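Structure record follows, encoded as structure tokens.
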Amino acid sequence: MQKLPNPPKEAIVYEDEKLYVCLASFPLTPGHTVVVWKEAVKDIHSLSHGEYEHLMDIVGVARTTLLEALHLEKVYLVYMDEIEQVHWHLVPRYNEEGVNILAHVPTETNDFSLVPLLREQFKKCANSER
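Counting from 1, position 44 in the sequence shown corresponds to residue 266 in my numbering; the numbering is continuous, with no gaps.
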């Protein structure tokens, strides 16, 4: 079983006691973001109702953040439990449509230069959704 890579500190957009949001270390497209539940939980259905709501609220804020900060029309939300750790991939769509984005070959990156912009926009989006 594969494990999620530990994100570098400079990749973190948002973090609280339950989860973190970061730029992917192996992105499919620029801005590919991952929302990860910190506690070892294999299946999303194992979360309590409150935990699930918190996770999905943050996924929503992260999606809005990407849409607004990167001036996008679409961000794909992908939940795959192949590594048995609750997490969501948010994959920005640029100039192509459909699932072919998921066929991109991810390549490792150390470029997290979008993080300051995303952190600022995340705060704005989180405040406006409260």
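The beta-carbon is built from N, C-alpha and C at its ideal position, and this holds for glycine as well.
Fair warning: this is a prediction, and the values are worked out from it, not measured in the lab.
Rounded C-alpha distance that separates Met302 from His309 = 8 Å
Cβ atoms of Val297 and Arg285: under 8 Å apart, would you say?
-> yes
Does the Cβ-Cβ distance between Thr255 and Val263 come in under 8 Å?
-> no
Glu318 to Glu273, Cα distance in whole Å?
-> 34 Å
Can you tell me where the beta strand (DSSP E) with Tyr316 in it begins and where it stops?
-> Per DSSP, Tyr316 belongs to no beta strand (DSSP E) and is neither H nor E.
Between which two residues does the alpha helix (DSSP H) harbouring Leu289 extend?
-> 271-291
State buried or exposed for Ala325, treating a residue as buried only when at least 16 other CB atoms are found within 10 Å of its CB.
-> exposed
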